Structure formats: structure tokens, C-alpha cells
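Engineer: According to the numbering used here, the stretch in the sequence shown is residues 20 to 179, in order. Beta carbons are placed, not taken as given, at the ideal position from N, Cα and C, and that holds for glycine. Only a predicted model underlies this, so the values are computations on that prediction, with no experimental measurement involved.
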Amino acid sequence: MCSNNKELPIIESEGRRSFFSQCASAMVGLTVIGTIAPVLQGCSDSSSPTAPNGPAQITADVSSLTADNMAVVVGDQGTDGQNVLVVRKTATTYLVLSMQCTHDNCQVGAPSSSGIMTCPCHGSKFDITGAVKQGPASSPLGQYTSTFDDTTKMLTIKFR
Ligand code: FES
């Protein structure tokens, strides 16, 4: 495990509009690929889950996420033993990413103000859609499925 980040406001200053515009475009694409699998597998041999005995699902309060504060690191660990990142796509739809790097399973850092997550082990970079922006990783971050309850504003994240 490389880091243990907590809640964060990811967008702070200049370039925000451009960044959001890019993210919105990327997330349109993610709605298509988001149903492919609960967890995308990495490219290394050790990409199988390492914490299979954790909870099957958790609930997270996502009421603090807004268009200007799009992402939060949830300390609960997914089936791969890493934290998860919840990204607000709209007021009622969310993307849940594993923070396990797909190169060799280190935990990526929280998103920077420009929305880039950097792996401390070998420098791979991912955007908040999970897409690889710089290798050596070649596969996107894994995803978990989730269900949002608009009444309680709670997001149920399914690990399996
Ligand atoms: Fe992340 Fe190698 S484990 S770049």
C-alpha cells in the first residue's frame, strides 16, 4: 500500500472550465463502458483481488460532491484492498474507481487540482475517468458498480 488519502476537493483554480469540459466529454464515453464489468482487470499477473473477504458492498455519503467538487476518496477498501474514488458525473450518477494502479497494484494518489492521479511506484498517471494518461500502466483503473438513492443521497458501492 502506497498511500491512504482521504476526502479532497480536487478542483481549485485556473483551467477549471477546460478541465470540466474534458471530463464531461470523457464521462460521456464512460457511461458506455461503465457496464462492461464490475472490476476491470489490470495488466499484471497479480491483478486479482487481494482482499476478497471484505464487505460485499458499502454505502457512501456523496452529498458533498458538486460540479466544483467532483471527487472523493472513500477510505473503505474494495476487493483489491485499495481505496476507491467516487466521481460525480451528474447529480444522480457516479463513477466509482478502484485506486489500484493497473501496472503493479500500488495505490494511486488522490487527484491533483488538474484531476490527475499519479502512482507513486512507477509514475503512471490516470485521469478521474480512470483512463491512462501516462504509462507504464496500459489499462484503465478498475470500476465498481454503484446505485444512488436520491432520497437519502447515499451511494451504494458494490464490490462483488
Ligand atoms: Fe503504478 Fe507501477 S504500480 S506505475
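(1) Buried or exposed: Ser143, going by 16 or more other Cβ atoms within 10 Å of its Cβ?
(2) Below 8 Å on the Cβ atoms is my guess for Ser103 versus Ala90; work out the distance and round it to an integer in Å.
(3) In the DSSP assignment, what residue or residues form a beta bridge with Met89?
(4) Along the beta strand (DSSP E) that carries Met136, what are the first and last residues, could you check?
(5) Would you mind stating whether Val93 and Ala79 have Cβ atoms separated by less than 8 Å?
(6) Going along the chain, which residues of its own chain have a beta-carbon closer than 8 Å to the beta-carbon of Lys152, five neighbours each way excluded?
(7) State the DSSP-derived secondary structure class of Arg107, mapped to helix, strand or coil.
Structural biologist: This is what the structure holds:
(1) buried
(2) According to the sequence provided, residue 103 is Val. The question's Ser does not apply to it. Between Ala90 and Val103 the Cβ distance is about 11 Å, and since that is not below 8 Å, they are no contact.
(3) Answer is none; Met89 lacks a bridge partner.
(4) Ile135 to Thr137
(5) yes
(6) Ile135, Lys144, Phe145 and Asp146
(7) strand
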